[in-house]
Amino acid sequence: MKVTVITINYNHSDGLQKTIESVQKQTLTDFEYVIVDGNSTDGSREIIEAKEHEIRQKQISFKYISETDSGIYEAMNKGVRMANGDYCLFINSGDELYRDDVLANMQTCLGKEDIVCGDLCYGENNICPNPDTVTMRTFYKHTLYHQASFIKTRLLREHPYDETMRSAADWKFFMHELVFRNATYKHVPLVVARFETGGVSTTSRDVSQKEVLEELKKCFPERVLADYEDYVFGCTPYRQMFTTIEKIPPVKKIIYKVNVCILKVMNLWLKSEWIRTLK
11 MKVTVITINY NHSDGLQKTI ESVQKQTLTD FEYVIVDGNS TDGSREIIEA
61 KEHEIRQKQI SFKYISETDS GIYEAMNKGV RMANGDYCLF INSGDELYRD
111 DVLANMQTCL GKEDIVCGDL CYGENNICPN PDTVTMRTFY KHTLYHQASF
161 IKTRLLREHP YDETMRSAAD WKFFMHELVF RNATYKHVPL VVARFETGGV
211 STTSRDVSQK EVLEELKKCF PERVLADYED YVFGCTPYRQ MFTTIEKIPP
261 VKKIIYKVNV CILKVMNLWL KSEWIRTLK
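Start counting the sequence shown at 11; every next residue gets the next number (our numbering).
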C-alpha cells in the first residue's frame, strides 16, 4: 500500500535539510516523496535540488514544486494533488520520521481504515499518543497529530483543507471526517515522527482556539456549545481567570499550576468541613 510523504516548507532551510535526511534514511523505498516549497529565498530550493539525486538513487519516487502560495494549507492541498500514494503523511519542514523503519512498520498496518494514526514525539522524548478511539470530546480540547496520521488521499481530495483558516484546518478536517462523515479510524501504538517545537501549531495557539470556536458555532446549537465551554474551561467562576492567564505567556504555566493547587486544597478543605458537620 503506497504512501506519499509530503513536506511543506517556507524559508526554513535548516529544518528542511533535517527533514529530507530523515526521509532518505527510511529502510522502505517503495514510497513517494513530495516537497512543496513556498518560493523560499533562504536557499531551500538549492537544498532540494542538491538532495534530489540522492533521493532518486535510493529508488524513491520524488517530485517537488517551488512557487508562491497563500499559506500552509494551500501548500498542503498542492501536495495532495501531486500525490500518487493511497495514503498521505505530512512531515513538514523541521519534523523528522522517528526511526529509520517507521514507514516499513506502518505500511503493514495500512489498507482498510481511512485514517491510521501512530504516536508523536514532542521535543526530546515526550511521547504524545493519538487516541485509541475518537469521539467529539477528542476535538473539544485538542486534535489528532497530523505528523503521525496516515490519511487516505481520496479523503483529502474530496474534502481539502480549508485554506481560509490559518492554523486549525487540520483540526477541522479530522473532526468533519471522523465525527460527521464517519470515516474509519485505527490507532497503532508506534511513534511515527518527532515534532519540531516553535512551528505554526505552537506559535499561533490563540488564532487556532478562535478558529476552533468559530467552526463549532457553525456546527452545533448553543446547548452543545455550552458543553464545550464547560469541558474546556471548567467551572464558570474560574473561566475568566484562566483566560487571563493564557494572555501572559511567560508566567502562565506557573500561575496556572499554583491556582490549580489552591483550588484543590480549598476543595479538600470544604469536603472535610462538610464531613465534620455531618458528625
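Where a beta carbon is used, it is the ideal one built from N, C-alpha and C, also for glycine.
F184 and L130 closer than 7 Å at C-beta: no
N-terminal and C-terminal residue of the alpha helix (DSSP H) that R191 is part of: Taken as a continuous stretch (DSSP letters only), R191 belongs to no alpha helix (DSSP H), as it is neither H nor E.
Cβ neighbours of V217 in the same chain (closer than 7 Å, five flanking residues each side left out): R176 and S177
Stretch pair the stretch 156–172 + the stretch 94–101: three plus CB contacts closer than 8 Å: yes
Terminal residues of the alpha helix (DSSP H) in which K88 lies: I82 to M92
DSSP state of N21 mapped onto helix, strand, coil: coil
Rounded distance between the beta-carbons of D124 and A193, thought under 8 Å: 4 Å
Exposed unless 16 or more other CB atoms sit within 10 angstroms - verdict on M276: exposed
Of the residues I57, P139, L166 and C271, the one placed nearest C127, counting alpha carbons only: P139
At least three beta-carbon pairs within less than 8 Å, the stretch 140–148 to the stretch 49–66: no
DSSP-derived helix/strand/coil call for F183: helix
Expected contact under 8 Å - CB spacing of N49 and T78 to nearest Å: 4 Å
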